[in-house]
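> Residue numbers (full-length UniProt numbering): 1 to 162.
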């Protein structure tokens with residue numbers, strides 16, 4: 001039972017996640033500069049990485065399935081932890097190393113995405129504040145009793161006593 005295809009897939013996933021992490025760092029700078037054209041281009045690049053990750057993930061799942069069939073395992077689907085339990089010590093160390101690297105890349109990507117989300121939210125708050133400053137304030141629509149003039153002329157235009 002060989003895990004070569006699984007390790008190749010994991011190494012590809014690590015490289016793709018590292019590429020996404022680089023783009024996430026660039027995205028933070030682009031958001032700070034408010035460069036919408038660069039942000040659009042970067043989002044298109046990220047979509048390519050996401051599609052590549054999905055493709056490699058399918059390859060990894062197929063490699064795991066093949067590994068399980070070769071080993072006559074009763075499992076049809078297995079996590080990386082399950083695979084680590086089934087392999088030799090040298091392969092186990094390699095898989096654990098790859099899992100640790102992939103997990104750290106995924107965690108770093110999650111943190112970068114959280115930061116970028118906060119930056120975008122703050123940018124939107126600033127835009128809304130700016131718009132509120134330029135818009136005229138609407139008058140209040142609540143009913144108020146009109147102020148009556150307390151000084152009434154004793155004489156009116158129409159003399160009712162005549």
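Cβ coordinates follow ideal geometry from the N, Cα and C atoms, glycine included. Remember, predicted model here, so these are calculated numbers, not experimental data.
Where are the alpha helix (DSSP H) runs, 4 residues long or more, that stay fully inside the segment 106-145, in chain order?
Runs of the alpha helix (DSSP H) inside the segment 106-145: none found.
> Counting only runs of 4+ residues fully inside the segment 36-67, write out the alpha helix (DSSP H) ranges in chain order.
Runs found: none.
> Figure out for me which residue from 90, 55, 61, 35 has the closest Cα to the Cα of residue 77.
As a first step, residue 77 is located in the chain shown; it is residue number 77 there, counting from the start. Of the listed residues, the one whose Cα sits closest to residue 77 is 61.
> State the DSSP-derived secondary structure class of residue 78, mapped to helix, strand or coil.
Reading the chain shown from its first residue, position 78 is the one you call residue 78. If DSSP states are grouped into helix, strand and coil, residue 78 belongs with coil.
> How long is the line joining the alpha carbons of residue 17 and residue 115, rounded to whole angstroms?
Counting from one through the chain shown, the residue named residue 17 turns up at place 17. Counting from one through the chain shown, the residue named residue 115 turns up at place 115. Distance between the alpha carbons of residue 17 and residue 115: 17 Å.
> Report the rounded CA-to-CA distance for residue 21 versus residue 48, giving the unit in angstroms.
Numbered from 1 along the chain shown, position 21 holds the residue referred to as residue 21. Numbered from 1 along the chain shown, position 48 holds the residue referred to as residue 48. Cα to Cα, residue 21 sits roughly 14 Å from residue 48.
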